[in-house]
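Here the structure comes first, spelled out in structure tokens, and everything after it is commentary.
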Amino acid sequence: MTTHKIVTSPIGVLTLVALDGVLTSVRLGPPPVPAGGGTPYGMAAEDGFEDIERQLTEYFEGTRCCFAVDTNPQGTEFQRRVWEQVAAIGYGSTASYKELAVQLGDAAKARSVGAALAHNPLNLVVPTHRVVGSRGALTGYSGGVDAKRYLLDLEQAPQTEHLRRTCRRADSVPA
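Count along the sequence shown from 1, add 1448, and you get the number used in our numbering.
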């Protein structure tokens, strides 16, 4: 069963979506309303999202560098490979679309990397805000450039220095 919950954050409304209790999506903004009404994200639910809600709160408070929740994002093989590369970008760090394409074996696929990131269903959990243009430009974020700047500023702020030192990899959680 697909369920969703709408929560607020410093960058606006987030829609959390789960399928059978496994997180499939963290969308920036409220769920779209189809022409016939309802939502494409299943029933609204108050329960079942406690872990990700707590972790999001900790992230925005500057006490968490990454997320530890079961996820099942839907995407093509290439998209999944891109998302895995993005998940490996450390807290407070950035990488360019071209750098990711090179890591995937073909520098010419920078635009394909951008397209894959545009389809990332797990915003924040898979930190696409850490991907920038070749010259450091803040481009292409589903939540908008202001949200991207906010997230990068949070991760690079003096008060989160301890997380940058202890969370060298995106899958490490500080002790």
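Idealized CB from N, CA, C, for every residue including glycine.
Bounding residues of the beta strand (DSSP E) (the contiguous stretch that carries residue i)
i       : result
Val1550 : No beta strand (DSSP E) holds Val1550; the alpha helix (DSSP H) holding it covers 1545-1551.
His1452 : 1450-1457
Ala1466 : 1460-1467
Bounding residues of the alpha helix (DSSP H) (the contiguous stretch that carries residue i)
i       : result
Ala1564 : 1558-1566
Thr1511 : Here Thr1511 belongs to no alpha helix (DSSP H), and DSSP marks it neither H nor E.
His1610 : 1609-1614
Arg1597 : 1593-1604
Ala1535 : 1525-1535
Pair within 7 angstroms by beta-carbon distance, residue i and residue j
i       : j       : result
Pro1458 : Phe1508 : yes
Lys1596 : His1577 : yes
Val1561 : Ala1549 : yes
Val1474 : Val1593 : no
Gly1510 : Gln1604 : no
Thr1463 : Pro1479 : yes
Ser1602 : Cys1513 : In the sequence as presented, Ser is not what sits at residue 1602; that position holds Leu. No.
Leu1467 : Asn1571 : no
Ala1556 : Lys1546 : no
Helix, strand or coil at residue i [DSSP, three-state]
i       : result
Leu1572 : coil
Ala1492 : strand
Leu1476 : strand
Asp1619 : Bear in mind that the predicted position of Asp1619 carries a pLDDT of just 46, short of 50, making it too unreliable to give a figure here.
Thr1505 : helix
Beta-carbon contacts of residue i that lie in its chain and below 8 angstroms, excluding the five residues immediately before and after
i       : result
Pro1625 : Here the chain comprises residues numbered 1449 to 1623, so residue 1625 is not present and cannot be evaluated.
Ala1618 : No answer about Ala1618 holds up, because its pLDDT of 46 lies below 50 and its placement is not dependable.
Exposure label - residue i; buried when at least 16 CB within 10 Å
i       : result
Arg1528 : exposed
Ser1582 : exposed
Pro1622 : Since pLDDT at Pro1622 reaches only 44, below the 50 mark, its modelled position is unreliable, and the value read off the structure follows with that caveat. Classification of Pro1622: exposed, given that the 10 Å Cβ count is below 16.
Thr1614 : exposed
Gly1538 : buried
Pro1575 : buried
Gly1591 : buried
Ala1492 : exposed
Gln1607 : exposed
Close beta carbons around residue i, own chain, < 7 angstroms, minus the five adjacent residues each side
i       : result
Leu1586 : Val1580, Val1593, Lys1596, Arg1597
Close-in-space but distant-in-sequence residues of the same chain around residue i (CB under 6 angstroms, 5 per side omitted)
i       : result
Val1465 : His1452, Thr1472, Ser1473, Tyr1489
Val1530 : Val1561, Ala1564
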